[in-house]
Structures are given as structure tokens and as C-alpha cells.
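The structure under discussion appears below in the form of C-alpha cells.
Number of protein chains: 4
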Amino acid sequence: MDGEKIPVETTIPGRKPRIRHRGPDKYPLILKAARDLVASHGFREVQMSAIAETAGIAIGTLYRYFPAKTDLMIEVVSLTAQREVDVVAGIAMREGSAADRLGAAAWTFANRALRGRRMAHALVAEPVEPEVEAARLKYHRALARVFTTIIEQGVRTGEFPPQSERASADCIVGCLFEGLVGPLADTASDEPSLTAHAVAIITFCLRGVSGGPLTFVPQP
Amino acid sequence: MDGEKIPVETTIPGRKPRIRHRGPDKYPLILKAARDLVASHGFREVQMSAIAETAGIAIGTLYRYFPAKTDLMIEVVSLTAQREVDVVAGIAMREGSAADRLGAAAWTFANRALRGRRMAHALVAEPVEPEVEAARLKYHRALARVFTTIIEQGVRTGEFPPQSERASADCIVGCLFEGLVGPLADTASDEPSLTAHAVAIITFCLRGVSGGPLTFVPQP
Amino acid sequence: MDGEKIPVETTIPGRKPRIRHRGPDKYPLILKAARDLVASHGFREVQMSAIAETAGIAIGTLYRYFPAKTDLMIEVVSLTAQREVDVVAGIAMREGSAADRLGAAAWTFANRALRGRRMAHALVAEPVEPEVEAARLKYHRALARVFTTIIEQGVRTGEFPPQSERASADCIVGCLFEGLVGPLADTASDEPSLTAHAVAIITFCLRGVSGGPLTFVPQP
Amino acid sequence: MDGEKIPVETTIPGRKPRIRHRGPDKYPLILKAARDLVASHGFREVQMSAIAETAGIAIGTLYRYFPAKTDLMIEVVSLTAQREVDVVAGIAMREGSAADRLGAAAWTFANRALRGRRMAHALVAEPVEPEVEAARLKYHRALARVFTTIIEQGVRTGEFPPQSERASADCIVGCLFEGLVGPLADTASDEPSLTAHAVAIITFCLRGVSGGPLTFVPQP
DNA sequence: TATGAATGAGAATTCATTCAT
DNA sequence: GATGAATGAATTCTCATTCAT
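Chains as they are written, first to last, in this note's numbering: chain A, 1477 to 1696; chain B, 1477 to 1696; chain C, 1477 to 1696; chain D, 1477 to 1696.
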């Protein structure tokens, strides 16, 4: 109506990326609440209202930090998974033979998974939406990549026979998930038997990769 | 290994028993509709109304046969899983060395899983409620039991070294799930590369069990 | 997982067009409730919950008949507007000179609008969403088309001078809306003065179309 | 017609009076931001946060100048409308016959409205709350008053026949709104056809007022 | 005065389950 | 027995407004 200024159809400011903080940053608080809730109840059972309540904030505040529930869940998966991968990768980079490092890496993963069972289960076998599922898959792949690296090194040095490193790495991840996370999710087995189980699984993996009669012995 | 079936338990104690009928039994009709829908859309996406419509009956009728959605889902998992276990168990009971039979059983599972991917994924990695999850777990265990049997026989005959048969069987199941079902769920890989992948995975399993340099070769 | 039946990714049955009724049809009930509420409170103030309550049904039932609020609002606009247009069009089709019929049609519209002011206002000047706005616009256009027809006939017979029939029809609609609906929406004028106002407006329209000193006289 | 402004009243009785400040007056800054945003997105789409961001101030500051969103919106309507009325009133007070001035005033309005369509639409057909609606109505009335003045002069000099000046003025406003703002709000018509449309509309108005075969010819 | 993080009431929509016919 | 319309609790997300710093 006013000839002097004809604003073009522009984006409304402040619409999407609202996450920008200075003062008290509730981000870690929210993430912790979400993590805890997922770890104890799984993805499906967690409502935004519960997360807000657990974090001691209002729902609206939640949405200042995460534009949608999906985003928060993705962040939970990514962060938690990344931490696991980092630790395992650290082990994989140490000194020693490929077999030793492979065993140590798997052993580390196993021990961490046996603690935090519920969360491990959520990361392994409880997808919700495609987008969260994608984040979960990334975790599987990242973990497999660590093992792929070790195996490739072993093959290069002749310690392991030629093989599809990708397939073998997938198998190791599968062994660890199925053997330690899935079936045991709700079983309350005793500590020693779980340890023996883990040792047997890692031995299986070493043999699968090496094609020889290796046996895993956990290092204290 | 005896000829008896390795059952995926179905009855849930403490639940209202399924209603039995006289006249036209819509039970298989409903189950088929539910199965098809789960196979094509996954557990989460299937509503009772959709199942009823697909089965060509009214929602109310659905509830005459299954007191709750959970029960129907459990039945879908149990029946579908039982069929898979049956087929794999059939292979496992044939003539031949333990290694041959183990390879053949795994190969059969792999091929069936690569068809019907969506359903396989639902059975492997898409739990919904604890109760359905429990049914899913029974499937894992039943499948593992088939492999346990083969391994035990191989160990007894000296074909395989002593080992935790339970752990090894879990590993095999894990290898197959992780290697074939999980990551590939939405990937559209070509036939030959998938076959090669399956071969590599089964080879890994054979080596894991035998501790020797076995290689899997699919029988035509 | 089952080789025999691989259902293709199909649409889940029963997803969208749920509107299919046999028994007690709440459709008119809902529409009446929505109409009444819009007529008394305008579009903005009407919540689905209020409509459900007014109709004496549950919210879920509402959604059996209308998949979304927008759809219900569109229906309200369309139906109400169509009725008005029909009545006016009926007048336009009668016997008589173009000027007579134009006057009679406008007079009819005016009288109906002066009753049901709130609703008329909602139809004329209270858009909500683009989709509802589109329905509202259709109403304006449909009403204009009635007048266009009369004017065209008048021009053809020489009763009216050549002109842009479309523009003239828009003007008539604008005169009626602005003169009768908009400003008076909340004014509580007395009956006689409103009648005089309507007469003056229609006279204006007749002169605008004819370019001559016509005067509108309402027929009893 | 005297020189005094035809004001669109702004103050709302019974509301907390607008806060007056000493230091840097952000008032015009905010108003400009709000105006621009309304002009490009309409009332409904504009959030206080967006206005604050556009104005480069904090939300809290916004609320120091306007106690509520409604107040700000009212101010936007009032100011914008006042400007339009001023311009049209300026034309109306020039030299010339009543018909000439009426045509020129309408022509000016039309041209300004065809630019800034979005804002014109917001002012004409996008009310939100009763209070904003009231401000919008004042705009309509103020605009009508300009035309009333011209018509009264024309009637006094015998240039126009006796009539309800109020009704005629409403009609002119209605013709302009309906013909130029409403239906065209989202249409992307070309310049020449819009001009022709405006000419036809103004001709209609001249005839409606004069009762004679006048034709509008835009002055360059 | 200015800031902007925090608030929370409110609105739309979904879907398992019930029950009168 | 079958039907399917009706139910309503539950859940996600929005945005005007407040207030401690």
C-alpha cells in the first residue's frame, strides 16, 4: 500500500535455528535427562514432557534447544555412540599385534556394554524413526570401521589371511551385539559367567578373523 | 540332534487366553493380513484398523480373536520366526559334516533374509513393547539353538575344538543379523555383491567355530 | 524373511479417506456445530474441541468425518457461501429487465447478509489459512459471476452501456460487502436505517452499471 | 472541505497508556520492523520474536514500548492507514471538479494499493483480533470520509445528484477494496491489465455517484 | 534500561479399544 | 458373531509474555 517500501517475501527472522545460547546453558542438562531416561526406559517411553520434568525445566525451554523430539533423540544416540566408538578406537590404536588389539578393543566394548545395558540395547536394537535409525546405523558402521582398520593392518602384515575386511568387521560387531547386548538385555546373569561369555565371544571373533586356533585372554 | 521341533514359545502366562471359535475361523486371515502389513511397513506403522481392513473384517472382529494389539504382534513374530527356524533346523539335520551343515543352514537363513528384508528387519531390530520384544528374543534363541546343536555335534566328533557352544551360536546369529539384516535393511545392493557378502560372513563363522582356515562354498 | 510372499511397499489401508458412513451420520451435526460457532465467534476462535463439544460428540469422532480442521472450515465456507450464491442466482434468473433483476439480486443478498452478520463477516473478511481463504475467494467470485451474467445480458440488450462486466460485477460485490457486511459487523443499527442504507447502495450500483440516473426501489 | 487531517484514531481507552521514553527511542524502529514484516507475511505469521530480531532489539525491549502484541498491531494498522488516508485526502483537496478529484483520489489509492499488495490485503481483509479489527475499520471509515467530503461538495454544487453520501462513499471504498485488493491479493497479473481494471472500477464509481455516463481518464 | 532465557497454557491430531446395534 | 462408529487419553509443538540479571 505504501509505494516507498515494498518488502520482498523474505524469511521470517528467528524461525528455525533458535539454538544460540549465552547464559545458563541447559543443553547438557537436557541431554543428560534424555540420556538417563532413554537408558532406563528406552526411546519409545520417553516423552518430551518427561524429559523436561527430569531436566527441571519447562517444555518450551526444551524446544529452545531442540526444534523437535527427533533431533534430541538423534543427539542422544550420536553422543552416546560416539563416546563408545572413541574409547574402542583408542584401544585399537595402541601397540601390539592386530590380534591383541582386536581382542582388547572388543573386550573394552564388551565391558562397557555390560554396564549400561539398557542404553546399549537402545543403541543396538530399538529404532524409532528413520532419522534416529540412521544415527544408530552410523554407530554400527563407525564401530565396524574401527575393527576394519585393525583387520586390514593384520592382513597387510600377514598376521591375518586375506578376507573381506568389511564383512569380518560386521561380524565382530554382530557377535558383540548379539552376544552381549541383545539377549542379555533383561537377563540378570552373574558377573563371572558374563565374563566367560565375553571371552568366548571374542575368541570366536579372533578365530573368525585369523582362521587359526587363537584364544582370547583378557589383559588385567 | 533329535527330530523334535525347536519351538518358539507362544503362550504368555497370565494373559487372557486367546478366544477359540467354532464357525468361520478368521484367525489365519488376520494373521496373514498382519504379517503382510508388518512385512511391508514394520510394526510401528501398522494400525489395528489397517489390519482389519486388509483382512476384510471389522475391527471389532479383530478383537474377538486377539484381545489386544500386543497379542497379535506377538503371534506374528512367533509364527514367522517359527517358520524360519523350522527351515533352518531342517537343513541342520541333514547328512554331512558339521561344518557343511552349519554352512548350509546359515546360507539358507541368509538367502531367505535377503528376500523379505523388511520382515527380517522387523524381527531382528524393530521391537516395540517388552512383550513383543520377548517373542523376538525367543526367535533369536531358537535360531541359536539350531546352531548350538550342530556345533555340539561337531565338537563331539572332534571336527570342532572345545568351546562355549552357546557363545559361538550367538555369534553366528549375530554375524548373520548384523551382516545381512541390519545395515542392509534399506540399502539396495545388487544381487552378486550381496551373495559375496553372505559367503564372507559364513566363512567367518566357520572359522570362528573351527579355529581353522575353512572357507564356505555355497552348494547349488 | 519368508521367500513365498514378498509384499511390495504398499499404502497402508485405511489411512486417509475415512469418511464413509452408514449408520448415524454425524456429518450434518458437526457442520451445524461448526457453522454456529463460526457464526458466533469467527474462524479464529473456534477450536476442534469446542466444535466437538457443541456437536455433543468426542474429538476423535470429529476426525472421523474431517481429516483436519482446515477441511472442516473449508466445508463451512463452501456450504454457507454456496447457499447464498444459489439464492442470489435464483433471483437473477427471473423475468424482468436487467436493472430490475440486478437490483432484486442485490437486495436479496443485502437482506440475508444483514441477518447472520457474524457469519457474513467471516465469509467476507476473516481469512485464516490460505486454503480456507481460497474457498472464501471462490465465494466472492461466484457471487460476482451472477452479477456478471446480468450485466452481460443488459449490455447485449442495450439496457446498459458497454463496460468491463467483470470489473462492474466486482464493484457490486465490493459495494455490498463494504456497505453492508464490513463496517456494520458490530454496529447495532436500527432496521429502518439499515434498509435505507441498502437502498442507497443498490442505487449506487445500478447507476454505476447503467451510467444513468436509475433509482432502486425494493419490491415488496 | 477544510484542511484538517482526517485522523485514524489511535488511542484505545481503558488500555495501559503506551510507555514514553527518554533515551534512545526505539519506537519508530520497532514500528518499521513490524510494518515490514506484516507487509511481507501478514499479521498472522508475525511473531513478536521476529519483530524484535528485525528491529535489532531484544524481546523484552519490545515490551517496554508496547505492552502487548495487539497494541503493536493496532499501531501498525493505524500508522499505515493514516499515511494512505493522508495521501488520498491530499488529492481530494486539490483544485478541480468533484468528479475529477474523486477520480484522482481513487486512482491514487488504486496505484498505491497495487504496489504493496500484501500490506493492503492485511489492512483490508486480514483482521485478527477484535481490537485490531477495530483499527482496520477506522481506516475504512477514514477513507470513506474523504470520499464523503468530495461527494458532498459535488452535491452542493449540483455536479452530483442528491444521495446518501455516506452510502456512496462506502461503495467507492468497497469497489476499490474488492476490485483491487481482495481478489488480486495473490494473482500476478500484468501491469496494463491491472491499470485497465482500475480504470473500469473508477468509472463505475463515477457513474454510481453522478448517475450519468461519466468515464474516468487517468491524468498523467 | 536492556536483555533473552524461561515459561506453560493451549491447540491439533492419533489410534487402541469399547459396545450398542 | 460381526460390525464399525464412537471414544478420549495421550502426545507433540507454538508463541505471547514474564522477570532475574
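The beta carbon of each residue, even a glycine, is placed where N, CA and C say it ideally should be. Everything numeric in this text was worked out from a predicted model, so none of it was measured.
Could you tell me whether the stretch 1518-1525 of chain C touches the stretch 1568-1588 of chain C, using the rule of 3 or more Cβ pairs below 8 angstroms?
no
Got a sec? Which residues, its chain only, sit under 7 angstroms from L1590 of chain B by beta carbon, not counting five neighbours each side?
L1656, L1670
Looking at C-alpha atoms only, which residue of D:L1538, D:G1518, D:V1553 is the closest neighbour of L1505 of chain D?
D:L1538
Are the C-beta atoms of E1654 of chain C and some chain D residue less than 8 angstroms apart?
yes
What residues in its chain sit with their C-beta under 7 angstroms from that of Y1541 of chain C, if we drop five residues either side in the sequence?
I1495, K1502, Y1503, I1506
Going by Cα to Cα distance, which pick from D:I1527, D:S1554, D:V1564 is closest to T1624 of chain D?
D:V1564
Taking the C-alpha atoms as reference points, what is the distance between L1619 of chain A and I1527 of chain A?
28 angstroms
Between which two residues does the alpha helix (DSSP H) harbouring M1569 of chain D extend?
Run containing M1569 of chain D: none; DSSP gives neither H nor E here.
Only counting the same chain, and skipping five residues up and downstream in sequence, which positions put a Cβ closer than 6 angstroms to that of A1531 of chain C?
L1505, I1506, A1509
Among D:E1605, D:S1644, D:G1687, D:Q1695, whose alpha-carbon lies nearest the alpha-carbon of G1518 of chain C?
D:E1605
I want to see whether chain A comes within less than 8 angstroms of I1550 of chain B, judged by CB atoms only; does it?
no
Is D1501 of chain C helix, strand or coil when you go by DSSP?
coil
Inter-stretch contact at 8 angstroms, needing at least 3 Cβ pairs: the stretch 1670-1682 of chain D / the stretch 1568-1579 of chain D:
yes
Indicate the three-state DSSP secondary structure (helix, strand or coil) for V1649 of chain D in the structure shown.
helix
Pairwise C-alpha distance: E1551 of chain C and P1638 of chain D
44 angstroms
Whether I1677 of chain B touches C1651 of chain A by CB criterion (8 angstroms)
no
DSSP three-state label for A1544 of chain A, please.
coil
Within 8 angstroms (strictly less), CB to CB, does I1677 of chain D reach chain C?
yes
The alpha helix (DSSP H) that contains S1525 of chain B, what's its start and end?
1524-1531
Using only the alpha-carbon positions, how far apart do T1546 of chain A and A1672 of chain B sit?
36 angstroms
Determine the chain C residues that contact F1680 of chain D at a beta-carbon separation under 7 angstroms, and present them in chain order.
A1643, S1644, C1647, G1684
Might you give, ordered along the chain, the residues of its own chain that have their beta carbon closer than 6 angstroms to the beta carbon of Q1629 of chain D, omitting 5 neighbours on each side?
A1574
Is P1689 of chain D close to chain C, meaning its C-beta is less than 8 angstroms from at least one C-beta of that chain?
yes
Rounded C-beta distance between E1641 of chain D and I1627 of chain D? I'm assuming under 8 angstroms.
5 angstroms
Pull up the CB-CB distance for R1588 of chain C and E1560 of chain C, whole angstroms please, since I reckon it's below 8 angstroms.
6 angstroms
Below 8 angstroms on the Cβ atoms is my contact criterion, and I expect V1675 of chain A with P1689 of chain A to pass it. Report the Cβ-Cβ distance as a whole number of Å.
Between P1689 of chain A and V1675 of chain A the Cβ distance is about 15 angstroms, and since that is not below 8 angstroms, they are no contact.
Mark S1644 of chain D as exposed unless 16 or more other C-beta atoms lie within 10 angstroms of its C-beta, in which case mark it buried.
buried
Look at R1621 of chain C and V1553 of chain C and say whether their C-beta atoms are less than 8 angstroms apart.
no
State buried or exposed for T1556 of chain C, treating a residue as buried only when at least 16 other CB atoms are found within 10 Å of its CB.
buried
Strictly below 8 angstroms CB to CB, what residues from chain C border P1637 of chain D?
P1689
Please compile the residues from chain D whose C-beta is within a distance smaller than 9 angstroms of the C-beta of H1673 of chain C.
S1640, R1642, A1643, D1646
For M1595 of chain C and A1544 of chain C, believed in contact at Cβ under 8 angstroms, the rounded distance:
About 22 angstroms; that fails the 8 angstroms criterion.
G1650 of chain B: contacting residues in chain A (beta-carbon distance under 7 angstroms):
G1650, C1651, F1653, E1654, G1655
Smallest Cα separation from R1632 of chain A: which of A:E1654, A:Y1615, A:V1649, A:S1686?
A:S1686
Using only the alpha-carbon positions, how far apart do G1536 of chain A and E1529 of chain A sit?
11 angstroms
Cutting at 8 angstroms between CB atoms, please list the residues of its own chain near V1649 of chain B, excluding the five before and the five after it.
H1616, L1619, A1620, F1623
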